[in-house]
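Following: one structure in structure tokens, then a few remarks.
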Amino acid sequence: MERPWKPVSTLLPAGALAVAAILMTLGAPPQVEAQGAPPPNMVADEVERSRSCVPVLSRLEELNQELAPLSRRVDRIEALYQAVALEDSLRVAPFDDARREDRLVREWFEADGDLAREYVESEDEALLEERRRLRAELEDELEEAFQTISQEADEILGEDEDFFAALGSCDGAILVRSAVVEACDAGAASAVCQEAREGDVDGEYRFVDSPEDLWDVEQLRPWTSPAGIGPRPDGGLGGASTGTVARRGNVRLALGVEPILLERGSVSAEEAAEFDAHLEAMGFEWDNPRFVMAPAVVVNLDIDRPLADESHYLLHFDDLSDPPSQVFWSAVADADGPIQGVFAAPDEVLARLMSGDDVSLTAVRLTDDEEMEGDVLYSLSFTSVGQAEAVTALLSYMVDGQLSDDLARLFPPEGAEGEGGH
1 MERPWKPVST LLPAGALAVA AILMTLGAPP QVEAQGAPPP NMVADEVERS RSCVPVLSRL
61 EELNQELAPL SRRVDRIEAL YQAVALEDSL RVAPFDDARR EDRLVREWFE ADGDLAREYV
121 ESEDEALLEE RRRLRAELED ELEEAFQTIS QEADEILGED EDFFAALGSC DGAILVRSAV
181 VEACDAGAAS AVCQEAREGD VDGEYRFVDS PEDLWDVEQL RPWTSPAGIG PRPDGGLGGA
241 STGTVARRGN VRLALGVEPI LLERGSVSAE EAAEFDAHLE AMGFEWDNPR FVMAPAVVVN
301 LDIDRPLADE SHYLLHFDDL SDPPSQVFWS AVADADGPIQ GVFAAPDEVL ARLMSGDDVS
361 LTAVRLTDDE EMEGDVLYSL SFTSVGQAEA VTALLSYMVD GQLSDDLARL FPPEGAEGEG
421 GH
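Under my numbering, the first residue of the sequence shown is numbered 1, with each subsequent residue one higher.
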């Protein structure tokens, strides 16, 4: 998994227990109150976002039209790569020989099938080596095609860093209609301007009539069902994860569970021993000689800047009535955009997630005066729908050896050949 990671020795982020300890010095346990008026900074921020997003989204529409043919080619190459990885030609049939990548993959399936049948009859090890060579050559060809398309796209996109910096705040945002109309030039033909003027409820963009209305827009996504680990077209690994998303207005919060996976050769012997000891302490059986693994919690808070001048965010179970036993991650509020956390999950956190305990993120303002006063400002809650089942299934996949077995099939030892069918 291509994620930032922390050593297993830092099972809890350093700030979590420190913040919980500060909260315990308050005169009364902080309580998360029901959502009322929107946070004070949100209204002005959202009006400005909508105005500034008009030229950005108009330019994005133009780029999408230019990049559409390349995008279709990339999607096809990704599908072909996946079919080769799984040795399943039906995933991409029928082939179109007018496309070079299709023709190469079709020819490889035919040649590899012939070699596989010859090997069954003769058990000649040279045939296995030939299969590996041809497969590696095909993967190189697909990677080269992928890179060529990427270079073409880069030439179209150019080096407009300001555009891409602004795009992150605009793409997918819910916009304030009046602010968009005000920012649109008279007669502007872009979809964002037309939809804002016409009040189209089935268009590409979403609008609210006033910025205050954004705080009433809430979306919760059930926990996703985990799938087995598998290859991605870029050579990385995907799958073996579950997660949920909560959104309030334009603030998006994601929580997930997935394995930290690192090749043993990429970490020191001491770090590898930490990973192994951590799994042993939790009762996980792990006999994969190539990788070290630890179950991890992943947190992503997509927020442009503090909405209520908060100083910290606390991720916690239940109602924050007992912070030391409930808070399991914290972060300092950052004025420069999204916040991400990835950390090896303690046994007790995984147990509570498997039990379906409610999880929320609460924004607090902590002061460092002598009385250590603090305020709970607002909270974002996740749904627990599907949580217990998804997390339990994923951890079972990790603990009963299926994850290790899948990795062994994806990365067989030297001289071994994975099984598969066409």
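Glycine included, C-beta positions come from ideal geometry on N, C-alpha and C.
Give me, in chain order, the residues of the same chain whose beta-carbon lies closer than 6 Å to that of residue i; leave out the 5 immediate sequence neighbours on both sides.
| i | result |
| --- | --- |
| residue 99 | none |
| residue 294 | 8, 260, 275, 278 and 344 |
| residue 387 | 223 and 356 |
| residue 249 | 214, 215 and 217 |
| residue 41 | 307 |
| residue 220 | 246 and 383 |
| residue 92 | 79, 80 and 83 |
| residue 228 | 239 and 406 |
Within 10 angstroms of its Cβ, does residue i collect 16 or more other Cβ (buried), or is it exposed?
| i | result |
| --- | --- |
| residue 360 | buried |
| residue 258 | buried |
| residue 64 | exposed |
| residue 77 | buried |
| residue 148 | exposed |
| residue 355 | exposed |
| residue 27 | In this prediction, residue 27 scores a pLDDT of 33, lower than 50, which makes its location untrustworthy; the coordinate-derived value is nonetheless stated afterwards. So residue 27 counts as exposed. |
| residue 156 | exposed |
| residue 362 | buried |
| residue 83 | buried |
| residue 196 | buried |
| residue 283 | exposed |
| residue 39 | buried |
| residue 268 | exposed |
| residue 186 | exposed |
| residue 165 | exposed |
| residue 94 | exposed |
| residue 199 | exposed |
| residue 172 | exposed |
| residue 273 | exposed |
| residue 341 | buried |
Mind checking whether residue i and residue j have CB atoms under 8 Å apart?
| i | j | result |
| --- | --- | --- |
| residue 311 | residue 376 | no |
| residue 115 | residue 131 | yes |
| residue 313 | residue 333 | yes |
| residue 285 | residue 399 | yes |
| residue 50 | residue 180 | yes |
| residue 298 | residue 329 | no |
| residue 75 | residue 304 | no |
| residue 191 | residue 204 | yes |
| residue 104 | residue 141 | yes |
| residue 502 | residue 167 | Not covered by the structure: residue 502. The range shown for the chain is 1 to 422. |
| residue 176 | residue 385 | no |
| residue 109 | residue 89 | yes |
| residue 395 | residue 366 | no |
| residue 226 | residue 397 | yes |
I need the straight-line Cα distance from residue i to residue j, nearest angstrom please.
| i | j | result |
| --- | --- | --- |
| residue 317 | residue 218 | 20 Å |
| residue 32 | residue 163 | Interpretation of residue 32 is limited by its pLDDT of 39, a score under 50 that renders its predicted location unreliable; the figure taken from the coordinates is listed afterwards. Between residue 32 and residue 163, the C-alpha separation is close to 38 Å. |
| residue 306 | residue 393 | 36 Å |
| residue 237 | residue 247 | 27 Å |
| residue 352 | residue 413 | 37 Å |
| residue 326 | residue 319 | 8 Å |
| residue 138 | residue 178 | 53 Å |
| residue 194 | residue 214 | 21 Å |
| residue 292 | residue 403 | 12 Å |
| residue 101 | residue 152 | 17 Å |
| residue 128 | residue 231 | 21 Å |
| residue 184 | residue 53 | 10 Å |
| residue 21 | residue 323 | Legend: pLDDT at residue 21 = 40, less than 50; position of this residue unreliable, no value from coordinates given. |
| residue 145 | residue 347 | 44 Å |
| residue 107 | residue 287 | 37 Å |
| residue 62 | residue 96 | 29 Å |
| residue 182 | residue 158 | 29 Å |
| residue 73 | residue 133 | 25 Å |
| residue 409 | residue 331 | 38 Å |
| residue 125 | residue 281 | 42 Å |
| residue 85 | residue 266 | 24 Å |
Please determine, among the options, the residue with the shortest C-alpha to C-alpha distance to residue i.
| i | options | result |
| --- | --- | --- |
| residue 411 | 83, 88 and 263 | 263 |
| residue 56 | 204, 391, 169 and 408 | 169 |
| residue 407 | 239, 144, 338 and 266 | 239 |
| residue 338 | 362, 144, 213 and 252 | 252 |
| residue 302 | 151, 255 and 228 | 255 |
| residue 335 | 84, 396 and 308 | 308 |
| residue 289 | 128, 324 and 401 | 401 |
| residue 37 | 211, 409 and 349 | 211 |
| residue 383 | 269, 45, 358 and 204 | 358 |
| residue 208 | 174, 73 and 374 | 174 |
| residue 71 | 154, 396, 281 and 227 | 154 |
In its own chain, which residues sit with a C-beta less than 7 Å from the C-beta of residue i, not counting the 5 before and 5 after it?
| i | result |
| --- | --- |
| residue 224 | 242, 243 and 390 |
| residue 67 | 153 and 156 |
| residue 43 | 211 and 212 |
Among the residues of its own chain, which have a CB less than 8 Å from the CB of residue i, if the five just before and after it don't count?
| i | result |
| --- | --- |
| residue 58 | 188, 190, 192 and 193 |
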